[in-house]
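**Student:** Dropping a structure here in structure tokens format, bear with me for questions.
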Ligand code: SF4
Ligand code: SF4
Ligand code: SF4
């Protein structure tokens, strides 16, 4: 009989929507749980508030104890929606929310890979449960066969690929600011399928050149500021324009 890996699903600073997506697998999650030992699921075990805020030391500890570390969801993989604050005047925001803010630390949001080695990123806000299931099965096989140098990969193709498979009408061609041509597929294109342009929650395809889309959006009447604001929604502005960033974090 194959050995079972022990898995831990731990939540740092986020909304925990990705964990809800996993639970939404229903019986298929229970089947998967039969193939592993659940070592720690903080979401279910309820940490104390103090424990919840020790994010960095928990992450370093997890890395030390784990053969495979996965960044699950856009918060972990890219910074996610919490990163919006880093593009603002942070002191002004603190002043707005708190009466006494002098002693409040307000560090920039960091993705996991900025702090530790990450073996696989599964982006999305929230993650796509089908993609999670498929990749987790592959990860279990990698662990069981000891082939840790052969991590599963997410195919580097754009959201447009999945959007066109669904025969959606193209929102970009209709003048809407859809980022599908440069964003990583795997979500199944739920936004354009529901008549909403892709905001890029999964981040850009590796080494993509965003210039053509950028020029097209400017031609369609969007300002650079408007384009940047869309890219800030899920914290992917820096990943999209790595050289040089159009607008640095404050
Ligand atoms: S990626 Fe989105 S859904 Fe997942 S935890 Fe972060 S905010 Fe929530
Ligand atoms: S709607 Fe967006 S994702 Fe779909 S084909 Fe057009 S640009 Fe691509
Ligand atoms: S279509 Fe775009 S915004 Fe919507 S889930 Fe996919 S990557 Fe995220």
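In my numbering, the protein residues as written are 205 to 454.
For each residue, glycine too, the CB sits at the ideal point set by N, CA and C.
In this text, all values refer to a predicted model and were calculated from it rather than measured experimentally.
(1) Provide the residue span of the beta strand (DSSP E) that contains residue 324, from first to last.
(2) Here's the rule I'm using: 16 or more other beta-carbon atoms within 10 Å means buried, otherwise exposed. How should residue 308 be labelled?
(3) Any idea what DSSP makes of residue 274, helix, strand or coil?
(4) Would you check whether ligand 2 has a heavy atom nearer than 7 Å to the C-beta of residue 368?
(5) Run through DSSP, which three-state label would residue 211 get?
(6) Could you tell me the distance, in whole angstroms, from the CA atom of residue 358 to the CA atom of residue 392?
(7) Given a cut-off of 8 Å on the beta-carbon distance, is the pair residue 278 and residue 221 in contact?
(8) Determine the extent of the alpha helix (DSSP H) in which residue 238 is found, giving its start and end residues.
(9) Look up residue 379 in the DSSP assignment and say whether it is helix, strand or coil.
(10) Using 10 angstroms around the beta-carbon of residue 383, count the other beta-carbons present and answer buried if the total reaches 16, otherwise exposed.
(11) Residue range of the alpha helix (DSSP H) that residue 294 falls in?
(12) Could you check whether the Cβ of residue 390 sits closer than 7 Å to any heavy atom belonging to ligand 2?
(13) Check whether the Cβ of residue 393 sits closer than 7 Å to any heavy atom of ligand 2, and report yes or no.
(14) Go through its chain and collect everything with a Cβ distance to residue 300's Cβ below 6 Å, but skip five positions before and after it.
(15) Say the cut is 7 Å; is the CB of residue 350 nearer than that to a heavy atom of ligand 1?
(16) Which whole-angstrom value is the C-beta distance of residue 243 and residue 272, which I expect to be below 8 Å?
(17) Can you tell me which of 229, 234, 324, 232 puts its alpha carbon nearest to the alpha carbon of residue 276?
(18) Which value, in whole angstroms, describes the spacing of the CA atoms of residue 390 and residue 311?
(19) My output table needs one value for residue 417: the three-state DSSP class, helix, strand or coil.
(20) Hey, out of 318, 397, 374, 413, whose CA is closest to residue 361's CA?
(21) Please classify residue 362: does DSSP put it in a helix, a strand, or coil?
**Tutor:** Reading from the atomic positions:
(1) 324–326
(2) exposed
(3) strand
(4) yes
(5) strand
(6) 13 Å
(7) no
(8) Neither: residue 238 is in no alpha helix (DSSP H) and is coded neither H nor E.
(9) coil
(10) buried
(11) 294–301
(12) no
(13) yes
(14) none
(15) no
(16) About 13 Å; that fails the 8 Å criterion.
(17) 324
(18) 31 Å
(19) helix
(20) 413
(21) strand
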